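Q: Mapping of the sequence shown onto numbering that gives the first Met the number 0: position 152 corresponds to residue 151, and the numbering continues sequentially without gaps. Heads up, the beta-carbon is just placed ideally off N, CA and C, and yes, glycines get one too. From a predicted model like this one, the values you see are computed outputs, not experimental measurements. Sharing a structure here in C-alpha cells format.
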Amino acid sequence: MTQNFMFGGLTGFNPTETDWGERLLNTAATQAIRHLFSQSESVEVAIRCYPSSKLLQGSIDSFKMSGRGLVIRRQFPVEEMSFETDAVSLDFGSILSGQIRLKQPTQALAEVILSETGINEAFQAELVKKRLVNLSLDSLNHLSGGQPVSFTEVQVQLESGNKIRILAKADLPNYGTVPVSMRMTLAIERRRRVAFRDPQFEPDAVPESLREVSQALASALAELLDNMVDLDRFDLDGVKLRLNRLQVQGKKLLFSGYAQIDHFPKSG
C-alpha cells in the first residue's frame with residue numbers, strides 16, 4: 000500500500016512562517032482523508048483560507064481533495080476521485096485535538112472515474128459475487144427445476160454511447176455452463192443508482208443449441224444488475240455521493256455530481 004499525501008498548503012498563510020494553525024489543520028486533514036480509503040496511490044488536499052485569522056473562527060474558504068489509484072472497502076478500485084467545497088465552518092476546538100469537525104454538513108462538487116479494469120475487478124469482490132451465485136429465481140424455475148442458478152466470470156466492456164457489453168457464464172442445473180452475452184445502456188436514477196437499461200441479447204456469441212436458454216438467462220442477469228449498483232451501499236465514512244451525470248470515454252466511466260459531507264472520518 001502506498002500513501003502519498005501532497006498538500007497544496009493553506010493559501011493565505013505566509014509560507015516563510017511556521018504557523019501552528021496550518022500544521023494542525025494539515026495533520027488533521029491528512030489523518031481524515033487517509034481513513035476514507037483502504038489504499039491510495041496519491042491523494043492531494045488543498046485548503047484555502049485567507050486571511051489566516053479566519054481559521055480562529057473556524058472558517059475556511061474551500062477544501063479540495065483529489066486522489067488517484069484509490070481502493071474503497073478493500074475491494075472496489077477507483078481510478079480518480081475529487082471533491083471541492085465552498086466555504087466551510089469548522090469547530091476550531093476539534094482542530095486543536097487533532098480532528099476536523101464540521102459545524103454543519105456541507106456539499107461539494109464531486110467527480111469519480113472508474114476504469115474498465117477496475118470495474119471488472121469489482122465484479123470479483125465478495126460483496127458483488129454473493130449477489131450473483133446460488134440464486135433462486137422464479138423467472139428461471141422452468142429451466143432450473145427450482146434449483147439455484149449462479150452467474151460467474153462476469154466481464155464488462157465499456158462502449159461509446161454510454162453502453163456496456165456484459166459477458167458471463169451461468170451454471171444452470173440440467174444444462175451445465177451456459178455462455179451469456181448482451182449489451183445494455185447505463186443511466187442514473189434518483190441520483191444514487193446506476194441503472195442497466197434496454198438489454199439486447201447477442202445470439203451470435205452463443206452456440207445455437209443454447210440460444211433460447213441463454214436469452215432467458217440474460218434477461219435474469221440484466222434484472223440482477225439493474226438492482227445492484229446503489230451508491231448507498233458504498234458510502235465512505237461521513238460522505239454520501241449523489242450523481243447527476245455519467246459518460247463513457249474510451250475505457251473509462253466518468254461520474255459527476257456532488258458529495259454530501261456530514262462529518263469527516265475519525266482519524267483513529
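Taking only the alpha-carbon atoms, compute the straight-line gap between Ser149 and Asp60 and give it to the nearest angstrom.
A: Answer to the nearest angstrom: the Cα atoms are 51 Å apart.
Q: Apart from the five residues on each side of it in sequence, which residues of its chain come closer than 6 Å, Cβ to Cβ, to Met183?
A: Excluding positions up to five away in sequence, the list reads Ile163, Phe195 and Pro198.
Q: Would you mind reading off the limits of the alpha helix (DSSP H) that contains Asn133?
A: Premise fails: Asn133 is in no alpha helix (DSSP H) and is neither H nor E.
Q: Spatial neighbours of Ser93 within its chain, please: C-beta separation below 6 Å, excluding the five flanking residues on both sides.
A: Taken in chain order, the residues that qualify are Arg100.
Q: Which runs of the beta strand (DSSP E) fall wholly inside the segment 140-178 and span at least 3 residues, in chain order?
A: The segment 140-178 contains these whole beta strand (DSSP E) runs: 149-158 and 162-171.
Q: Taking contact to mean at least 3 C-beta pairs separated by less than 8 Å, is the segment 152-161 in contact with the segment 246-261?
A: Judged by Cβ distances under 8 Å, the segment 152-161 makes contact with the segment 246-261, as three or more pairs qualify.
Q: My assumption, with CB atoms under 8 Å, is that Val70 sits in contact with Phe91. Please give the rounded CB distance.
A: Not confirmed; about 33 Å, so no contact.
Q: Can you tell me whether Thr84 is buried or exposed? The criterion is at least 16 other CB atoms within 10 Å of its CB, across all chains shown.
A: When all chains shown are included, Thr84 counts as buried.
Q: In three-state terms, what does DSSP make of Asn243?
A: Residue state, collapsed to three classes: strand.
Q: Just to confirm the assignment, what range does the beta strand (DSSP E) spanning Ala107 have?
A: Unbroken beta strand (DSSP E) run through Ala107: Thr105 to Ser114.
Q: I'd like the ranges of any beta strand (DSSP E) spanning at least 3 consecutive residues and lying wholly in the segment 45-125.
A: Taking only runs of at least 3 residues, the beta strand (DSSP E) segments lying wholly in the segment 45-125 are 61-71, 75-84 and 105-114.
Q: According to DSSP, simplified to helix, strand and coil, what is Leu209?
A: If DSSP states are grouped into helix, strand and coil, Leu209 belongs with the helices.
Q: Do Glu201 and Ser180 have their beta-carbon atoms positioned less than 8 Å apart in this structure?
A: Yes; because the gap between Cβ atoms is below 8 Å, this pair is in contact.
Q: Whole angstroms are fine: how far does the CA of Leu54 sit from the CA of Glu120?
A: Taking the straight line from one Cα to the other gives about 42 Å.
Q: With contact counted as at least three CB pairs below 8 Å, one residue from each stretch, are the segment 140-148 and the segment 108-128 in contact?
A: No, the segment 140-148 is not in contact with the segment 108-128.
Q: Taking 7 Å as the line, does the beta carbon of Leu139 fall inside it for any heavy atom of the ligand FMN?
A: Here there are no bound small molecules, and the ligand FMN is not part of this structure.
Q: Could you tell me which residues DSSP pairs with Met227 in its beta bridges?
A: BP columns for Met227 are empty, so no partner.
Q: Of the residues Ser135, Ser255, Gly160 and Ala217, which one's Cα is nearest the Cα of Lys168?
A: Residue Ala217 is the option with its Cα nearest to Lys168.
Q: Kindly list the residues whose CB is nearer than 8 Å to the CB of Leu171, restricted to its own chain and excluding five residues on each side of it in sequence; keep chain order.
A: Only Leu139, Leu142, Ser143, Val148, Val177, Val212 and Leu216 meet the Cβ criterion.
Q: Please state the DSSP three-state secondary structure of Glu40.
A: Reduced to three states, the DSSP call for Glu40 is coil.
Q: Classify Gln38: buried if its beta carbon has 16 or more other beta carbons within 10 angstroms, exposed otherwise.
A: When all chains shown are included, Gln38 counts as exposed.
Q: Whole angstroms are fine: how far does the CA of Arg47 sit from the CA of Gly11?
A: Low per-residue confidence applies at Gly11: pLDDT is 38, beneath 50, and the placement is therefore not dependable, though the value from the model is reported in the following sentence. Using only the alpha carbons, I get a separation of about 7 Å.
Q: Check Asn3 in the structure and name its three-state DSSP category.
A: Only weak support exists for where Asn3 lies, its pLDDT of 37 falling under 50; the value from the coordinates is given anyway. In the structure shown, Asn3 sits in coil (DSSP, three-state: anything other than H, G, I, E or B).
Q: For Gly175, which residues of its own chain have a beta-carbon under 8 Å away from its beta-carbon, when the five flanking residues on both sides are left out?
A: Counting only Cβ-Cβ distances below 8 Å, and skipping sequence neighbours, we find nothing.
Q: Please list, in chain order, all residues of the same chain as Asn161 whose beta carbon is under 8 Å from its beta carbon, the five residues on each side excluded.
A: Closer than 8 Å at Cβ, skipping near neighbours: Thr184, Leu185, Ala186, Leu245, Gln246 and Val247.
Q: List the residues that DSSP assigns as beta-bridge partners of Glu188.
A: Paired residues: Arg192.
Q: Just tell me which of Glu78, Gln56 and Leu24 has its CA closest to the CA of Val42.
A: It is Glu78.
Q: Using three-state DSSP, classify Thr15 as helix, strand or coil.
A: Unreliable placement is indicated for Thr15, whose pLDDT of 36 sits below 50; no coordinate value is reported for it.
Q: Taking C-beta to C-beta, are Phe254 and Leu242 nearer than 8 Å?
A: In this structure, Leu242 lies closer than 8 Å to Phe254 by Cβ.
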